[in-house]
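Written out as structure tokens, the structure is:
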């Protein structure tokens, strides 16, 4: 017992400044002040096609074109959302047109570097609002992106495959679709047990914003429940299920409206972009739909059409309460989250430094080192002001919640220490900047630039944000700590065993417990 107490004391003791000073380190003056920007050129209605074409000309992409083609999803109903992940799999895994599933994969593998389909839900900056202000979560874009890459001489093939899977994927492959749903159910049930922290975070985020709720409907615990229902529907009434899939494709490819929501995003060097220009022109002409006077809602001004229905569902299906989800496991995944900022309040870039400090300092020490969990993290979104604590493979459910609740005071204490130890603050800032300055690949540069444009971010905002990161002060830690102490709408989402929830309730941490697996 004595040795255990000594070990815990040693684990909780900070290294003295003189010991830290012996470790080689960068100085704040060594950091690059300028925010890194990636080239972007946007042409709306290129070739009178009705399609927006976005290009990113890099110095070199080794002869490869990275292409993302997006269609808008906002014309779908909220009830269609759980079917979207299935649609993205069907588009590349069941075959299309004259190709069965094996032949399609062979064609993709022969001519391209791969083709994938992803759904993207991204909050956007509302027109007229300060760029660093927290949003209400009612303004966002919803797109389905077909993503692929090919050498410039194979881009015609890539575009042909894009068009094929978009318009002629075999939705009527009953046995294959049912198999996919069964695989998805099994994968989700397994993943919740092994990566419960991710599902806890999705659940927490779903309570506080419509984009968060939509994301949970497509990949979280709510999605698992939907998959089980979809599987029953597909097995018992395939014609009705197939009609739903066909209706989704028909809606997003509506002849008179689909082109205004289409985005063709291309990353390549100058030589690649010039060589593929004829292929781009042909692709734009071959796309479904036709140019028209129809214009989508401006989501930077108007709220997304899913908002009203989603907010009603959120209040009924994902209430603001402490939830526990029972799965067969010997460990816990403990999540707690809430709002630190109200809509309209501005968020400083210093939040990046503070979040990194908590992940690698206080939470690491108390959840991982002392608590014995495999990991302790936090996630903060400057867009909606939402903050969450998470633990991974955690043996101490109730204790971890207490650690979370003490974080605000720990940050305030850290602020006082930083006043007397500027070198420690500099180390925290340098660590955060290191994360910001990771080296992206060419396709990541293009994708990142596209996401920035979709969100409505300006280069000036990014520079201001970076300046705030580098200029982080002890007072920023103190203010953030006060916000953590006064978290609004704070609640729990925990994945664990029935016995762990019973013990937590005895310790005063009672939750509404639900069976998941």
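Numbering (the UniProt record's numbering), first residue to last: 1 to 517. The C-beta atom is built at its ideal place from N, Cα and C for all residues, glycine as well.
Can you tell which of the options has its C-alpha closest to the C-alpha of residue i?
| i | options | result |
| --- | --- | --- |
| residue 282 | 450, 158, 16 | 158 |
| residue 125 | 231, 302, 41, 76 | 302 |
| residue 338 | 207, 456, 50 | 207 |
| residue 296 | 112, 309, 140, 437 | 140 |
| residue 450 | 54, 182, 293 | 54 |
| residue 365 | 404, 398, 384 | 404 |
| residue 466 | 439, 446, 434 | 434 |
| residue 69 | 110, 155, 27 | 155 |
| residue 88 | 360, 275, 118, 240 | 118 |
| residue 530 | 508, 81, 324 | Outside the modelled stretch of the chain, which goes from 1 to 517, sits residue 530, for which no answer is possible. |
| residue 518 | 485, 269, 436 | Residue 518 is absent from the structure shown; the chain starts at 1 and stops at 517. |
| residue 322 | 330, 514, 27 | 514 |
| residue 249 | 328, 504, 75 | 75 |
| residue 44 | 63, 259, 309, 355 | 259 |
| residue 452 | 109, 59, 186, 39 | 39 |
| residue 312 | 386, 62, 99, 79 | 79 |
| residue 381 | 348, 360, 413, 222 | 348 |
| residue 345 | 386, 310, 352, 334 | 386 |
| residue 35 | 487, 510, 468, 77 | 468 |
Look at the Cβ atom of residue i, then the Cβ atom of residue j, and state whether they are nearer than 8 angstroms.
| i | j | result |
| --- | --- | --- |
| residue 152 | residue 307 | no |
| residue 227 | residue 167 | no |
| residue 410 | residue 392 | no |
| residue 388 | residue 204 | yes |
| residue 224 | residue 516 | yes |
| residue 455 | residue 123 | yes |
| residue 490 | residue 265 | no |
| residue 32 | residue 94 | no |
| residue 377 | residue 397 | no |
| residue 426 | residue 28 | yes |
| residue 181 | residue 104 | no |
| residue 169 | residue 113 | no |
| residue 276 | residue 477 | no |
| residue 329 | residue 496 | yes |
| residue 52 | residue 263 | yes |
In three-state terms, what does DSSP make of residue i?
| i | result |
| --- | --- |
| residue 486 | coil |
| residue 515 | strand |
| residue 124 | coil |
| residue 57 | strand |
| residue 112 | coil |
| residue 605 | With the chain covering only 1 through 517, there is no way to say anything about residue 605. |
| residue 276 | coil |
| residue 72 | strand |
| residue 393 | coil |
| residue 151 | strand |
| residue 245 | helix |
| residue 266 | strand |
| residue 499 | helix |
| residue 196 | helix |
| residue 527 | The first residue shown for the chain is 1 and the last is 517, placing residue 527 beyond what the model contains. |
| residue 431 | helix |
| residue 362 | helix |
| residue 331 | coil |
| residue 299 | coil |
| residue 493 | strand |
| residue 189 | helix |
Whole angstroms are fine: how far does the CA of residue j sit from the CA of residue i?
| i | j | result |
| --- | --- | --- |
| residue 394 | residue 371 | 8 angstroms |
| residue 461 | residue 131 | 7 angstroms |
| residue 358 | residue 428 | 10 angstroms |
| residue 37 | residue 443 | 14 angstroms |
| residue 179 | residue 173 | 10 angstroms |
| residue 457 | residue 483 | 25 angstroms |
| residue 481 | residue 47 | 53 angstroms |
| residue 289 | residue 350 | 46 angstroms |
| residue 431 | residue 470 | 11 angstroms |
| residue 107 | residue 441 | 25 angstroms |
| residue 368 | residue 400 | 10 angstroms |
| residue 134 | residue 257 | 31 angstroms |
| residue 343 | residue 211 | 15 angstroms |
| residue 91 | residue 501 | 41 angstroms |
| residue 243 | residue 384 | 37 angstroms |
| residue 474 | residue 390 | 25 angstroms |
| residue 188 | residue 128 | 41 angstroms |
| residue 415 | residue 298 | 43 angstroms |
| residue 196 | residue 284 | 43 angstroms |
Thinking residue i and residue j are a contact (beta carbons under 8 angstroms), I'd like their distance in whole angstroms, please.
| i | j | result |
| --- | --- | --- |
| residue 424 | residue 417 | 7 angstroms |
| residue 41 | residue 261 | So it is not a contact: roughly 20 angstroms between Cβ atoms. |
| residue 171 | residue 97 | Not quite, the Cβ-Cβ distance comes to about 12 angstroms (not below 8 angstroms), so this is no contact. |
| residue 50 | residue 292 | 7 angstroms |
| residue 83 | residue 202 | With a Cβ gap of about 18 angstroms, residue 83 and residue 202 do not count as contacting. |
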